[in-house]
Amino acid sequence: MREQIRRLLQAYEPTRQQPDPPLPPAGVLLLLHDRPGGPHIIFQKRTDHVRDHKGQVSFPGGVMDPGDPDIRYTALRETYEEIGVHPDHVEVLGQLDDMVTVSNFLVTPFVGWLDRYPYEWRFSSTEVAYLLEVPLDHVRDPRNLVPDRRIINGREYVFQAYQFGNDLIWGATARMLGNFLDLLRALE
1 MREQIRRLLQ
11 AYEPTRQQPD
21 PPLPPAGVLL
31 LLHDRPGGPH
41 IIFQKRTDHV
51 RDHKGQVSFP
61 GGVMDPGDPD
71 IRYTALRETY
81 EEIGVHPDHV
91 EVLGQLDDMV
101 TVSNFLVTPF
111 VGWLDRYPYE
121 WRFSSTEVAY
131 LLEVPLDHVR
141 DPRNLVPDRR
151 IINGREYVFQ
161 AYQFGNDLIW
171 GATARMLGNF
181 LDLLRALE
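Take a look at the structure:
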């Protein structure tokens, strides 16, 4: 499947955004790895100690530092800082659509493949409560797509979210995941 995803992403032209005024750029990594039962995606449950996105399920990643040469580097650096995955252990397969978040970041998601399993995760206890290794087949199953109701500025909105056990993958992470799953439909 790794080769099929690589080919899909190489042929894909991600949507780029340039908000006005500019927003802080951030990079995240949708990280896949092979394990018994098929490919899995790595998510992290954020602690309540972080400034942004407390307690949410997210992809590893974060805001671009002034010394980062590009946003891809940011995604890999942040993944290393948050969950201990060395950049040399990741093959970046491609990029998904840019996304502007309600927390006012311009997020660029990358898709990567971890070159080994099992992996010795070392995550930041101040940023990451625990990891979720979610089977790709689980999020592709429409029975795990659930409505997520949110009140924003006094109005109710319903968004798509993904249920995994007691955890809900919602918000920008769910939208990025949806972008990836839409691409994978070409493989069906």
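All letters in the sequence shown, in the order written, are residues 1 to 188 by full-length UniProt numbering. Glycine included, each C-beta is placed from N, C-alpha and C at the ideal position. Note that the coordinates shown come from a computational prediction; the quantities given were computed from them, not determined experimentally.
For my contact list, residue i and residue j are in at a C-beta cut-off of 8 angstroms; report their separation, rounded to the angstrom.
i: V57; j: L136; result: Between L136 and V57 the Cβ distance is about 16 angstroms, and since that is not below 8 angstroms, they are no contact.
i: D148; j: V158; result: 7 angstroms
i: T15; j: D70; result: Between D70 and T15 the Cβ distance is about 18 angstroms, and since that is not below 8 angstroms, they are no contact.
i: V128; j: T74; result: Incorrect: roughly 17 angstroms between the Cβ atoms, too far for contact.
i: Y130; j: K45; result: 5 angstroms
i: Q17; j: L106; result: 6 angstroms
Are residue i and residue j closer than 8 angstroms when you measure CB to CB?
i: V28; j: G67; result: no
i: V111; j: F180; result: yes
i: residue 201; j: L184; result: With the chain covering 1 to 188 only, the question about residue 201 has no answer from this structure.
i: M1; j: P39; result: yes
i: G84; j: R143; result: no
i: S124; j: E78; result: no
i: P24; j: V63; result: yes
Comparing alpha-carbon positions, which option in the options lies nearest residue i?
i: L177; options: Y119, T108, P36; result: T108
i: R175; options: Q160, F164, D167; result: Q160
i: D115; options: Q17, H33, A11; result: H33
i: P22; options: N104, R35, R72; result: N104
i: E188; options: L145, G165, D141; result: D141
i: P36; options: Q17, Y80, A186, V134; result: V134
i: E3; options: D20, Y117, V92, I41; result: V92
i: T173; options: L30, V63, P19, R7; result: L30
i: F164; options: P25, I41, P24, P19; result: I41
i: A26; options: E13, R72, Y80, R7; result: R72
i: L145; options: Y80, Y162, G154; result: Y162
DSSP puts residue i in a beta bridge; with which residues?
i: L93; result: Paired residues: none, contrary to the question.
i: I151; result: E156
i: G61; result: V28
i: D88; result: D88 pairs with nothing; no bridge assigned.
i: D34; result: P39
i: Q44; result: S58, L131
i: P109; result: V28
i: D167; result: F164
i: L145; result: Y162
i: M99; result: V107
i: L9; result: None; L9 has no bridge partner.
i: L114; result: V90
Can you say whether residue i is buried or exposed, counting buried as having 16 or more other CB atoms within 10 angstroms of its CB?
i: H86; result: exposed
i: T126; result: exposed
i: G171; result: buried
i: I5; result: buried
i: A11; result: exposed
i: I169; result: buried
i: Y117; result: exposed
i: I152; result: exposed
i: A186; result: exposed
For the ligand GTP, any of its heavy atoms closer than 7 angstroms to the Cβ of residue i?
i: R2; result: The ligand content of the structure shown is nil, which means the ligand GTP is not present either.
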